[in-house]
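Worksheet: the structure to be examined is printed underneath.
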Amino acid sequence: MKNKLKPFSLALKLPLFVFTGVLTANGNPYLAKKSLRIEESARIETKLQQREITITGNVFDDQGPLAGVFVKAEGTGNTSITDVNGNFTIKALANGKLTVSYIGYVPQTLDINNRTSIKVQLAVESKNLNEVVVVGYGTQKKVNLTGAVSVVGGEELITRQSPNTTSLLQGRMSGVQVVQNTGQPGAEKANIQIRGQGTFSGVGNDPLILIDGVEGSLNSVNPNMIESISVLKDAASASIYGSRAAAGVILVTTKNGRAGRLNVDYTLNLSNQKATSIYKGITYSPEYMELLNKAIDHTGLNVDQKYTQAEIDLYRNGDPELYPSYNWMDAVFRTAPMQQHYLSVNGGQEKTTYNFGLGYLNQDGILINTNYKKYDAQFNLNSNLSNKVTFGTNIAFSQGARHESALNGNFDGNPTEDQILSALAAHPTFKPTLPDGSGRFTSKAFLKEGGNKNPVAIANNGGRDLQQYYALASANLKVDILPDLIGEVRGGVKFNNGQTGVHVIGVPTYLYIFDPNPTVNDFPRNGQINGTVGENNMTIRDERDIQYTLYGTLKYQKTFAETHNFDIMLGANQENFKYNRMQGFKRNAPVSDLKELAGYSPTGQTVTGYAWEWALQSVFGRLNYNYKEKYLLEANFRYDGSSRFIGKNKWGFFPSASVGWRVNQEDFLKDVEWVNNLKLRGSWGQLGNQNVNRTITLESQPYPYQAVFTPGNYYIDGVLQQGLRVGDLNNENIKWETTTITDIGVDFDLLGNKLFGTIDWYRKYATDILRSLQVPSYIGLNGPTVNDGEMKNTGLEFLLGYQDRSREFKYSVSMNFETYKNTVVKFGTRQVNSGSGLLTEEGLPYNSYYMYMFDGIYQNSDDIANSPKTPNWVPKPGDMKYKDISGPNGTPDGIINEYDRAVVGGAFPKFNYGFTFSAEYKRFDLSAFLQGIEGKKIYIKEWGIAPFRQGSVPSTYWRGAWDGEGTSNTIPHIFNENYTPNTQVSDWWLQDASYLRLKNIQLGYSFAPELTKKVGITKLRAYLSGDNLVTFTKFFDGIDPERSAANSRGAIYPQAKLYSFGLKATF
């Protein structure tokens, strides 16, 4: 009957509506008076609703009153915070709403309804169960995830004070390895690997980083602006990104504004920086001189550099200003300040919210003549244009200025490392400047001395300045097409521009001339010029890249019969990337401080430049299904087409599938109160890699299927002519490198969500690895890129944590751990790098150490005679002894040669781990974070390790060197330069780089709101913080063990200890 009456009802209402309108329009007095009464009543009601009243209230939980709870009166901007007894007072609209929120509790919004007294009971938030996680092209409830995804919140990141955003991820998540190779401001070079090295292609181990859906640079984002970071570790979670995701995906979500009153947040951090470790050398000149003489006597090398006894006595007994014992580490390292400021303005109304942030960093380096400044800005806007249309935009900009020393105009080198190397190689027998007060720089004390360039002179011979401009902008439009169908389009652009100038000033350096017969009044030294540090020249480089991204998605969400939940997405993506570079070089400036390239002489000038681009087209999709949120299923695919391949190999298909079972939802566990969540999951999928590594003159040429031509000179009819020649062999048959990942995991939350954790086992297998084929040198061309190689990683990772709270105290502890095994499955003929001691061979970890095995010290001549023979060098008592492991027939043959090298472990760490702790008591908070690796070894020698390398100061370690029979069986006789018996590639130089580091400890105090409100501050927190304060390691004393290179030298810019004071205020 209802359906039959509807047309009649409509037919009746329509004419009545029209009739009433006509009467009103014609001024019917009865209706007009009634209308006036209704309008007046409405005005009175509105006034009553808008009337402000004073409300007193109390907030508590199941254990008693809650202090510090934030109370907000909607529509007025009025706020309050509860006192120690949970009480608050606030002015609010009589019929408005109160929002009550507190960290760790479920927020509540209450109708006031003219009440002047309100009590509110808050419930502890089951965060682990209700948390929403950002995944590819969307979000999912954490409990429904079937892939391996790790998440860290922005507030957790900023407990550390590192100016490098990438390093803040270190030790925070299992399966994510972050190594900061240097502490140089603006050039920290923090490397990220997700679940180990997945390929040996050279350029396929860096994860894809997306910021608000668009590819960007993690270090460009101010950490204060980060809401959360999700890391997609397995194929099930990452295959939606297909060819870009073989090394994993990092999704960065920045903070949006919140509707309500305008909030102004300001963060200040002031730090003092010191080196985590500084090389400890023998800097007492007489001891240094005697040790060098002893080394020369033993090796017979550079005998003309020996010091006479008279020279040694002058340094022992003479004027220390004229005959110094100088520590060059004190000359180049310093305590340096750093300051960071961040200001954000956020807020909005019901339909539009905004968040605008400004950041400033000013960091002096702990190495002289290094510094970095950075300015950054971010603006996020979200607006509901209608009930069905939402618009959003994210705009970020940063500008960084880095300064460092210049050395010979070596543009692509590492001048700061060279500066440290020069400090290591400087003798203690002279100071940076002549003792006559002229300020002239020195080169050495005696003409016979070896040595390098004066590191202080390097700091004064110009510099290298890098200006980096970065912009990332995106906009998105969402449309609710149907109740269950949403369409979204997002477009973005990333722009990078680096402008680098290397300005070198030739700085003259002077020699100390020794007077063998000084008198009392005779100044024993006078400056004689001894070369220069650098020459006057200038190099300018401008390089820029721009990347466009455009994608669209359709998402369909529907629940059938209240049990079958579907979430389906289809999308398409287009990316374009362009890069170009120009570089010019000139020398011979008319004045030394000229920084304009046009003013230099054109003689010998060079100009170079190149450009390249690539494009990617994709379609992708995802199906999520769950039954009663108990049985979970997800399937993804991506179909990518890359301009780096041609023909049938241009397109690649990358699928994945995963399942999950929430065991705690079963009847046999549903009523077990201490099991809050227990989920088993498994996944399989494939990912691609289009990155190509070619050894060519033009960097990163992206099209290995094409022949590359380079300029060349040819004699034609006796005349030198310029032409082109083929530089590389091309290969039209190359195709996608593919990585297949299998993952089995379990997630659990127990004991009322107090105990939580995740365990994952994975297998990561790369096939058709893109690599350069080695060809005989007589061909005269670089080898082609081929698909030839397979690599496997298998690993185990877990996260385990516990959290609890009482009335005034809460705490949380957690640990993450990862171990994995890397194996080269297919490589072909093994490859040995005899100089670095690295071996790539099937069945072994990639770049395994391959070296002689140290077997003690020769104690006397009989020991040498009774030991295996060394045909390639003649040992002496005090030299290193090596094990006879094998010969041509596979058994020891009494001869030390290439057959006696053995594979040594340590190329990859046995495990990585991290610990976090946080606690709050009343207004105090304390947090600590430790991170470490175990089982990693690094082959390190030359400067900083080998004694007297270019005259470098030997480490104090060499005071324990062999000095006669029975004095040592671990440290050889001290030697100089490349003394063959002791400088073989052996495991003696392979040092244990395991470490455990206190990354951060912080103590904070939040001031009482009733005090801060008097000066207009809603919230105020002050803190003291320390970063990298303590490191436990067996590595070479004075050298930082944190580095990713398998082999390196001691001359690396050390990381910094930070002692910080900070404030965070909300207005």
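Numbered according to the UniProt record's numbering, the sequence shown spans residues 1 to 1067.
Backbone N, C-alpha and C fix where the C-beta goes; we use that ideal spot for every residue, glycine too.
In this text the structure is predicted, and so the values were computed from the model without any measurement.
Secondary structure remark: continuous beta strand (DSSP E) runs of at least 3 residues inside the stretch 990 to 1058, in chain order: 990 to 992, 995 to 1006, 1019 to 1027 and 1031 to 1033.
Annotated as distal: N380 and Y360, with beta-carbon spacing of 9 Å or more. Proximity of the stretch 778 to 789 to the stretch 724 to 733 meets the contact definition, three or more beta-carbon pairs being nearer than 8 Å.
Within the stretch 559 to 619, the complete beta strand (DSSP E) segments of 3 residues or longer fall at 564 to 587, listed in chain order. Cβ contact annotation for N78 (same chain, cutoff 6 Å, sequence separation greater than five): I90 and K91, in chain order. I1052 sits buried, since 16 or more C-beta atoms from the chains shown fall within 10 Å of its C-beta.
One alpha carbon belongs to G688, the other to D863, and they sit about 57 Å apart. C-alpha of K630 to C-alpha of S683: approximately 17 Å in a straight line.
With contacts defined by Cβ atoms closer than 9 Å, K444 and Y375 do not form a contacting pair. Judged by their CB atoms, V152 and N263 are not nearer to each other than the 9 Å cut-off. Shown here for G392: same chain residues with a beta carbon closer than 6 Å to its own, the five before and five after excluded, namely N382 and N476 in chain order. Sorting L482, R771 and G757 by C-alpha distance to the C-alpha of Q803 places G757 at the top. In this structure, the straight-line span from the alpha carbon of K306 to that of L292 is close to 7 Å.
With 16 or more neighbouring CB atoms inside 10 Å of its own CB, Q547 falls in the buried class.
The C-beta separation of S952 from A425 comes to about 4 Å, placing the pair in contact by the 8 Å criterion. With fewer than 16 neighbouring CB atoms inside 10 Å of its own CB, R807 falls in the exposed class. Using a Cβ distance threshold of 9 Å, Q686 and S239 count as a contacting pair. Burial check for K999: the Cβ neighbour count within 10 Å reaches 16 or more, so the residue is buried.
Annotation: P207 is outside any alpha helix (DSSP H) and is labelled neither H nor E by DSSP. Between the stretch 551 to 563 and the stretch 603 to 610, the count of Cβ pairs shorter than 8 Å is below three; the stretches do not touch. Residues of the same chain with a CB within less than 8 Å of the CB of Y639, apart from the 5 flanking positions on each side, are G242, S618, V619, F620, W651, G652, F653 and F654 in chain order.
Using a Cβ distance threshold of 9 Å, Y820 and G837 do not count as a contacting pair.
R51 and L1011 have their alpha carbons spaced roughly 28 Å apart. Cβ atoms of L996 and F1032 come within 8 Å of each other, at about 5 Å. Here the alpha carbons of K373 and I81 stand approximately 38 Å from one another. Look at W958 here: in three-state DSSP terms it is helix. Around S117, the same chain offers I55, T56 and G57 as residues with beta carbons nearer than 8 Å, after the five sequence neighbours per side are excluded. Taking C-beta separations shorter than 6 Å and ignoring five residues to either side along the sequence, the partners of P1041 in its chain run A993, Y995, T1033 and F1035, following chain order.
If you draw a straight line from the Cα of A457 to the Cα of A310, it is about 29 Å long. For P455, the closest of P428, W674, K478 and L447 by C-alpha to C-alpha distance is P428. The closest CA to that of I759, considering only R681, P711 and H298, is found on R681.
Counting only the Cα atoms, F817 lies some 24 Å from K810.
Minimum Cα-Cα distance from Y323 among the listed residues K351, A331, A295 and S285 corresponds to S285. Residue environment for D484: exposed (fewer than 16 other C-beta atoms within 10 angstroms of its C-beta).
In this structure the stretch 179 to 189 does not lie against the stretch 256 to 272, because fewer than three pairs of beta carbons, one per stretch, are closer than 8 Å.
Only residues of its own chain outside the window of five on either side were considered, and among them T740 and K792 have a CB closer than 6 Å to the CB of Y765, listed in chain order.
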